[in-house]
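Throughout the sequence shown, residue numbering follows my numbering, covering 298 to 398 in sequence.
Built from N, CA and C at the ideal position, the CB exists for glycine as well.
Here the structure is laid out as structure tokens; the discussion comes afterwards.
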Amino acid sequence: MSRYFDMDKNSISLKALVFQAENIITLHDVPNIWHIPLLLRDKKAHEAILKVLNLLGKAGKPALDEWISRAEKCDKLHEPVHIDMVGKYTGLSDSYLSVIK
């Protein structure tokens with residue numbers, strides 16, 4: 298990590314009342330939502346949570362084999378899906394913009 302990132306983490310920890318800057322985890326874009334827990338595992342987020350809860354030595358290793366399989370299957374899906382949407386404010390051009398994207 299760069300020193301600029303470390304400075305940002307310290308700034309965020311002060312403003313967000315996160316008392317340990319090492320508990321701030323950055324995430325980047327992933328191919329699909331199933332990869333987020335895997336990314337959190339790689340960044341050891343579970344260890345930070347267990348440490349705060351004083352359970353670090355008591356929990357086992359995360360069992361994510363099925364999760365990894367699901368993430369890999371979703372990576373191979375490329376057929377488009379068409380979704381119809383019904384809404385109250387369809388006359389407004391940006392009402393459902395976040396849903397459409």
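Query	Result
Could you compute how far the alpha carbon of W364 sits from the alpha carbon of D326?	18 Å
Measure the beta-carbon distance from G384 to S395 and round it to whole angstroms, keeping in mind my assumption that it falls under 8 Å.	With a Cβ gap of about 12 Å, G384 and S395 do not count as contacting.
Could you pull the start and end residues of the alpha helix (DSSP H) that L347 belongs to?	342-349
Along the alpha helix (DSSP H) that carries E363, what are the first and last residues, could you check?	362-372
Contact defined as beta carbons within less than 8 Å: I believe A345 pairs with N320. What is the distance between those atoms, to the nearest angstrom?	5 Å
From the DSSP output, in three-state form, read off A356 for me.	coil
Does the pairing of the stretch 369-380 with the stretch 349-361 give three or more beta-carbon distances under 8 Å?	no
When burial is assigned at 16 or more other CB atoms within 10 Å of the CB, is A368 buried or exposed?	buried
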